[in-house]
Amino acid sequence: MATSFRLGLIQLAVGASKADNIARAVRSIKEAASGGAKIVALPECFNSPYGTSYFPEYAEKIPGESTNALAAAARESEVFLVGGKFNDGS
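Quick note: the sequence shown uses the working numbering, first residue 118, plus one each step.
Set out below in structure tokens:
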């Protein structure tokens, strides 16, 4: 028997502030969940501007600021989350 579910695809405007970008992503995850999404997908480079010149500045270890915030948002919103891609400094 087929089961249906709602998928939330998020598109974000990303700026220079990693903290603001993460907060925007968390708000969007919660908004998608409140709309009934069970799986939520963030865009690539959701926490930093795009471009290889930005990667060293925005790199972080895993777990770190971004992964901790995403894990908490997914847990609180009761969704499965595809967190996008970001540079881990390796």
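Using N, Cα and C, we set each Cβ at its ideal position, and we do this for glycine too.
Nearest candidate by alpha-carbon position, reference residue i, set the options
{"i": "Ala191", "options": "Glu177, Tyr167, Ile179, Lys155", "result": "Lys155"}
{"i": "Gly200", "options": "Gly125, Thr120, Met118", "result": "Gly125"}
{"i": "Asp205", "options": "Ala176, Met118, Ala188, Ser145", "result": "Ala176"}
Secondary structure of residue i, DSSP reduced to three states
{"i": "Lys178", "result": "coil"}
{"i": "Ala158", "result": "strand"}
{"i": "Val199", "result": "strand"}
{"i": "Leu187", "result": "helix"}
CB contact flag (residue i, residue j, <8 Å)
{"i": "Ala140", "j": "Phe163", "result": "no"}
{"i": "Ala150", "j": "Ile127", "result": "no"}
{"i": "Lys135", "j": "Ser194", "result": "no"}
{"i": "Lys202", "j": "Glu161", "result": "yes"}
Same chain, Cβ closer than 8 Å to residue i, five either side skipped, listed in chain order
{"i": "Asn138", "result": "Leu129, Val131, Gly132, Phe163, Asn164, Ser165"}
Environment of residue i [buried if 16+ CB atoms lie within 10 Å]
{"i": "Ser183", "result": "buried"}
{"i": "Ser145", "result": "buried"}
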